[in-house]
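Asks: Take 200 as the starting number for the sequence shown in our numbering and just add one per residue.
Dumping the structure here so I can ask a few things about it.
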Amino acid sequence: MTDDRQERIRRRAHTIWEQAGRPDGAHQQHWDQATAEIDSEEGKPKAKAAQPKKPAAKASGDTKPKTARPRKA
């Protein structure tokens, strides 16, 4: 990481921290957000974050399981 880029990230992270009300313990989140913003400005692709898997879509209509009806004699 170049010194200039690191300084830009540091300044942006500090601004984010101030805008968030100066909370304790959020340094890494602010640094990550600042890094993403600086990379975006520089046109660098973002690292892909792990995306949670989406559940399979349910079929439309009745959601109750179908049961067999007894046959009439």
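Just so you know, even glycine gets a beta-carbon here, dropped at the ideal spot from N, CA and C.
Got a sec, what are the start and stop residues for the alpha helix (DSSP H) residue 235 sits in?
Replies: First-last of the alpha helix (DSSP H) with residue 235: 226 to 240.
Asks: Expressed to the nearest angstrom, what Euclidean distance is found between the alpha-carbon atoms of residue 215 and residue 229?
Replies: When rounded, the distance between both Cα atoms is 6 Å.
Asks: Let's see if you can read the secondary structure: which residues bound the alpha helix (DSSP H) around residue 270?
Replies: Run containing residue 270: none; DSSP gives neither H nor E here.
Asks: Quick one: measure Cβ to Cβ for residue 212 and residue 233, integer angstroms, because I've assumed they're closer than 8 Å.
Replies: Rounded, the Cβ-Cβ distance is 4 Å, consistent with contact.
Asks: Could you give the residue range of the alpha helix (DSSP H) that holds residue 214?
Replies: First-last of the alpha helix (DSSP H) with residue 214: 202 to 218.
Asks: Going by CA-CA distance only, name the one from 208, 243 and 241 that's closest to residue 227.
Replies: Nearest of 208, 243 and 241 to residue 227, Cα basis: 208.
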